[in-house]
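To keep things clear, I will list the structure first and then write my remarks on it.
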Amino acid sequence: MEPLHYLNIPSEKATFSMGCFWAPDSLFGSFPGIITTRVGYAGGTEGLIPTYRNICDYTEAIQLQYDPNTVSYLELLKMFWDHHDPTAEFKKQYSSFIYYHNDQQKAEAELTLYEKKAKGLDVLTKIEPAGQFFNAEDYHQKYRLQQHKNLCNDLGLKTGDDMINSHVAARLNGYIVGQGGIEQFDSEVSKLRLDEAAISYIRQFVIKYEGQGLHC
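First residue of the sequence shown: 413, per the working numbering; consecutive thereafter.
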């Protein structure tokens, strides 16, 4: 049986910048309702083509495909606010942005920003419409999962596109560094259609890293 790479269900997009994109790729990857993730570059001048070595005026960003029947945009916003420091000043590459895809997302983002500022926080997060999103280089996609090369090969994850488009890749990129936790992993793993060897291998890392947080 092939791993569950593709979920054919209605979905919506969400795009955030919250510092180095490796950590949020794992953070959101195992969050309930997330279908796929991709990391890349957003928010820059139209006509420029950013790369990691020449990012121009873009930010590192995470773009999610999520199931709105399982997770709400407000819940994703809470994850965004709770897992980075929106008051810290960085160069544009690592700055805090919410890129909205529709008017409802804009309204909800503005509401949560207002709530933060009402608490007296000097929040630097900016809210802008989502423009063109440029995928980051292949080695950035599911970076944590890619450190387990034999597992990736066994799952058929051999290219950057595989990593971007696979549901299993998104989920495991979180679990492999303890995100989601062992209880959630055990409740979901049967749906991912993994063999026993893969389950046993991944499970040891969920247990090892659960609760240790993320870093880039």
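Ideal Cβ positions, reconstructed from N, Cα and C, are used throughout, including at glycine.
Go to residue i, then tell me how far its alpha helix (DSSP H) extends in each direction, as first and last residue.
{"i": "Y587", "result": "579–587"}
{"i": "K503", "result": "Per DSSP, K503 belongs to no alpha helix (DSSP H) and is neither H nor E."}
{"i": "F617", "result": "608–621"}
{"i": "T524", "result": "515–530"}
{"i": "I467", "result": "Looking at the DSSP string, I467 is not in any alpha helix (DSSP H), and its letter there is neither H nor E."}
{"i": "N420", "result": "Where N420 is concerned, there is no enclosing alpha helix (DSSP H), given that its DSSP letter is neither H nor E."}
{"i": "K561", "result": "561–566"}
{"i": "L486", "result": "485–494"}
{"i": "D437", "result": "434–441"}
Is DSSP giving residue i helix, strand or coil here?
{"i": "R450", "result": "strand"}
{"i": "K554", "result": "coil"}
{"i": "A548", "result": "coil"}
{"i": "L626", "result": "coil"}
{"i": "Y512", "result": "strand"}
{"i": "Q596", "result": "helix"}
{"i": "L416", "result": "coil"}
{"i": "I461", "result": "coil"}
{"i": "L569", "result": "coil"}
{"i": "L533", "result": "coil"}
So, is the C-beta of residue i closer than 8 Å to a C-beta in chain B?
{"i": "Y613", "result": "Chain labels in this structure do not include chain B; a single protein chain is all it has."}
What separation, rounded to the nearest whole angstrom, lies between the Cα atoms of residue i and residue j?
{"i": "F509", "j": "N565", "result": "34 Å"}
{"i": "Q591", "j": "K570", "result": "23 Å"}
{"i": "D479", "j": "H417", "result": "15 Å"}
{"i": "E501", "j": "L536", "result": "7 Å"}
{"i": "L488", "j": "N585", "result": "18 Å"}
{"i": "R556", "j": "N466", "result": "23 Å"}
{"i": "A435", "j": "E608", "result": "27 Å"}
{"i": "K538", "j": "S612", "result": "42 Å"}
{"i": "P541", "j": "E522", "result": "12 Å"}
{"i": "L460", "j": "C468", "result": "7 Å"}
{"i": "T524", "j": "K531", "result": "11 Å"}
{"i": "S423", "j": "T448", "result": "10 Å"}
{"i": "Q616", "j": "I446", "result": "23 Å"}
{"i": "F428", "j": "C628", "result": "16 Å"}
{"i": "G455", "j": "Y526", "result": "21 Å"}
Buried or exposed: residue i, going by 16 or more other Cβ atoms within 10 Å of its Cβ?
{"i": "E549", "result": "exposed"}
{"i": "T482", "result": "exposed"}
{"i": "R605", "result": "exposed"}
{"i": "D494", "result": "exposed"}
{"i": "A519", "result": "exposed"}
{"i": "E595", "result": "exposed"}
{"i": "E472", "result": "buried"}
{"i": "S599", "result": "exposed"}
{"i": "Q624", "result": "exposed"}
So residue i packs on residue j, CB below 8 Å; how close in whole Å?
{"i": "V451", "j": "H552", "result": "5 Å"}
{"i": "Q517", "j": "Y470", "result": "The Cβ separation is near 20 Å, so there is no contact."}
{"i": "P415", "j": "V580", "result": "4 Å"}
{"i": "M491", "j": "F443", "result": "6 Å"}
{"i": "S438", "j": "L626", "result": "6 Å"}
{"i": "I619", "j": "Y587", "result": "About 10 Å separates the two Cβ atoms, so there is no contact after all."}
{"i": "Q475", "j": "K425", "result": "6 Å"}
Starting from residue i and walking both ways along the beta strand (DSSP E), at which residues does that stretch end?
{"i": "E424", "result": "424–430"}
{"i": "P541", "result": "538–541"}
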